[in-house]
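In the numbering used here, the protein residues as written are 69 to 1019.
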């Protein structure tokens, strides 16, 4: 059975708007096989404006799109080009209740369907929306970095999947189906030029060797353009692209009953792609007075770096108060900085401008190998085997902060003349921090299935999968102030800043001398995460055709997930050398065995109307939180799995003689354990919340006259976090209660990560300052016993050197720890009850129109316009003014002029017509980094023209 792209006329109820609005003539020319349903006679009554429909494999068999009782959108290569859907991020503008945003870390993104995506952070997390290529699951890869090229179609299924797809997905599935070799010679090459010095080259060649027995298809895509972002420090354009993808596919069908396909896909990128964009901060200067007492020098320890405030206000264009960061706090303690190293500095109001000492580095490479086999055991029974192997590696490096410090280092013994030569950062007098995200991964999956096509009322589709995924990731934060702090601590503890960690392993902090960190140094932060996932599942669906109109479906899945994370201590500023596996918890293991499934029916009210209703239970595995910073005691090692009970009712309709199609879907989710993440103590902490989700989706396409097509999508989404759910908001630990004050934690405190924030009573802090002990405030974060011990430890040994009675009074009689109801040294948890889930706008709307003019001599021209709007949303579960993102919209225009007889096509386009820069998502860093915000924005206006020649 051929799996090539097919179109057929229909009068079935409705269609995916995104497909039908923009399919092009070449796709129409292909015939419908006898294995697919024949065109319905009523459709032909519509004349020249009858709509066409794509054949898809959403249920692992070829079906007309409108015969599939699932909310699914599909895109042919021609429709992707017509709507300028260059890659995965653009899909959100063509599908209701879909959002997309890049993540803060390498190869991370949040593709959310109906509010369900991946807001968890860590190597052991799974995406709520599964990404597949040719039906094979991909745990990681470059599908959302690369552009679509030579694809047969892209399918997006909304709602929980698992009884037909290899990996569980609570939100839905994105399935990229690549074009397969055929028995006809064809070739195509496209060259494109655009603004930002864009150069694209895309092509394919299909070579039949032995008729329909053996054929080879080779395709490739190349993209090079200048950057969208200006680095104002050196006036360089960054966030450019220099990448290519290639694909080789081989079809071998030795006999009619055996069909095989082999594919190798390669991706390579080496450029200055920026993982994130602009950095915003409402600077927190710290309180000038505490409880009526001037804070004085202690003010530097009472700043959290940035305050929670709207990202759209004037104050958001400040810079981080470095005193509210780990590195700045240590600089103030050890004397190589005095206060805020960013004093007086502000950020540009242009969201496409950053200020960085160095340009980003982005290097990524991946390979995917697939072998698919289908064998007809009988005329009604087919065995399928899918083997997939992939590997990849990535290395990225960029300035941790998007501004260059204004205040140089002080002139000290470690910083003569205010300069310091850091082994990783280099020689500079500026407070500088970099981060590196690197990793490599391998995955292998084997899936088999048995599918029936009996004439009787019962049919089935049963299968199983084994999935094995391994990765090792390193996330480094490197800073010259961190190395300086390590040297200062070495001097304090050993009398020699350049001591030997081998000779003094319990007191001396090892310094990595290499320019590229190798993980051995304790003068930087390295979160290393070796992770191994083994998963297997049995799944399938049983179909009962009760009569010619009514069909019931029962699907079940049994999943076993075994996740193992090797735990390496994060040893920043800890004595010793080298990165060592934890001796107390060397490995975190999470094992889950879950039964899920779906049950429902579809009913053909007539040949033009389909009604379906389903209940589905979805599951997504839990996992292990990445290792916390040394001293952290409050980070939970594991997070729980997600479960969703989903109810869906849908209808697909065709009206007006086949010229109008209308789809409607309603859904209700009872969501348990939705995984969210926040960054605490220099690691991601994944938590679980319960929620309810419901909404409505309308899709329509209308061809009122020949050559004119109009489409509209509307998605409504309501999400609500359940009652009794609470979480500490690191941006506002005190919940703005003036009775409490945020304090930056000092070094060498047991069970406390240096540079993290704690909460003490305002009255107690005021008493300390008034007593002249303001410089000791950071050490109060250790609790009364630790604080008292620090206060009475001699100064020569690193303490405050106070008399024992004074130390006892300050630690125990000042009321520092007299907390009210709900408050602890961590702060008070915010009540999340009734809040919205992040990245869940109430409304997503898209409309489009295209008209084709037919000219003499076989020429035609098609003009198309698309408009998309997304209502406001929140980036975090706390739903504060800081979290809210404004609504945004986007418009694209395309023009296609072609003469099919010559195989010639000219395309012109403008994307983001208004050249807007909306914020589409935001990432909040942790306490020790100063709680700055990294933005994700839409690409700027782009335009270009391309020439395509087909053979």
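In this text, a Cβ means the ideal position worked out from N, Cα and C, and glycines have one as well.
Bear in mind the structure is a predicted one, so any value in this text is a computation, not a measurement.
Chain-order list of residues whose beta-carbon lies under 7 Å from that of residue i (same chain, five-residue window excluded)
| i | result |
| --- | --- |
| residue 878 | 836, 839, 841, 859 |
| residue 593 | 544, 545, 638, 640, 750 |
| residue 600 | 538, 632 |
| residue 249 | 274, 283, 284, 285, 317, 318, 319 |
| residue 602 | 536, 630 |
Residues sharing a beta bridge with residue i, DSSP
| i | result |
| --- | --- |
| residue 630 | 602, 659 |
| residue 276 | 283 |
| residue 956 | 938 |
| residue 220 | None, per the DSSP bridge assignment. |
| residue 616 | None, per the DSSP bridge assignment. |
| residue 731 | 720, 767 |
Neighbour-count burial assignment, residue i, 16 or more Cβ in a 10 Å radius
| i | result |
| --- | --- |
| residue 673 | exposed |
| residue 680 | buried |
| residue 326 | exposed |
| residue 847 | buried |
| residue 651 | exposed |
| residue 357 | exposed |
| residue 95 | With a pLDDT of only 30 at residue 95, under the threshold of 50, the placement of this residue in the model should not be trusted, and no figure is reported. |
| residue 149 | buried |
| residue 747 | buried |
| residue 1000 | buried |
| residue 584 | exposed |
| residue 56 | Shown here, the chain extends from 69 to 1019; a query on residue 56 therefore has no answer. |
| residue 888 | exposed |
| residue 649 | exposed |
| residue 227 | buried |
| residue 1002 | buried |
| residue 445 | exposed |
| residue 103 | Note that residue 103 scores 35 on pLDDT, short of 50, meaning its location in the model is unreliable; the coordinates nonetheless yield the value given after this. Looking at its Cβ environment, which holds fewer than 16 other Cβ atoms inside 10 Å, residue 103 is exposed. |
| residue 956 | buried |
| residue 204 | buried |
| residue 99 | Confidence at residue 99 is low in this model, with a pLDDT of 31, below 50, so its placement is unreliable and the value that follows should be read with caution. Classification for residue 99: exposed. |
Beta-carbon proximity check, residue i vs residue j, cutoff 8 Å
| i | j | result |
| --- | --- | --- |
| residue 735 | residue 755 | no |
| residue 262 | residue 916 | no |
| residue 758 | residue 790 | yes |
| residue 270 | residue 258 | yes |
| residue 588 | residue 502 | no |
| residue 156 | residue 219 | no |
| residue 989 | residue 907 | yes |
| residue 518 | residue 449 | yes |
| residue 760 | residue 164 | no |
| residue 666 | residue 993 | no |
| residue 413 | residue 387 | yes |
| residue 752 | residue 900 | no |
| residue 766 | residue 732 | yes |
| residue 182 | residue 239 | yes |
| residue 963 | residue 929 | yes |
| residue 664 | residue 685 | yes |
Own chain, CB closer than 8 Å to residue i, minus 5 neighbours either side, in chain order
| i | result |
| --- | --- |
| residue 355 | 363, 367, 370, 809 |
| residue 488 | 404, 477, 482, 495, 496, 497, 548, 551, 552 |
| residue 705 | 653, 656, 692, 693 |
| residue 411 | 474, 475 |
| residue 339 | 308, 309, 310, 311, 430 |
Sequence-distant residues of the same chain with beta carbon closer than 6 Å to residue i, five excluded per side
| i | result |
| --- | --- |
| residue 389 | 351, 352, 371, 373, 408 |
| residue 335 | 210, 214, 313, 434 |
| residue 682 | 666, 668, 716 |
| residue 1034 | Absent from the model: residue 1034. The displayed extent of the chain is 69 to 1019, so no value can be given. |
| residue 927 | 967 |
| residue 1014 | 258, 260, 975 |
| residue 991 | 172, 1002 |
Residue i beta carbon near the ligand NAP (any heavy atom closer than 7 Å)
| i | result |
| --- | --- |
| residue 664 | This structure does not include the ligand NAP; it has no bound ligands of any sort. |
At 3 residues or longer, and completely inside the stretch 495-538: list those beta strand (DSSP E) runs for me, N to C.
Counting whole runs of 3 or more residues, the stretch 495-538 contains the beta strand (DSSP E) stretches 501-520.
3-residue-minimum beta strand (DSSP E) runs that sit fully inside the stretch 322-405, ordered along the chain
DSSP runs (the beta strand (DSSP E)) wholly in the stretch 322-405: 326-339.
Quick check on the DSSP output: what are the complete beta strand (DSSP E) runs of length 3 or more inside the stretch 144-177, in order along the chain?
The qualifying runs are 166-170.
Quick one: which unbroken beta strand (DSSP E) runs of 3-plus residues sit fully inside the stretch 409-471? Chain order, please.
For secondary structure counted as the beta strand (DSSP E) over 3 or more consecutive residues, the stretch 409-471 holds these complete runs in sequence order: 429-446, 449-467.
What are the complete beta strand (DSSP E) segments, minimum 3 residues, inside the stretch 776-852?
Fully enclosed beta strand (DSSP E) runs of 3 or longer: 776-789, 808-812, 825-829.
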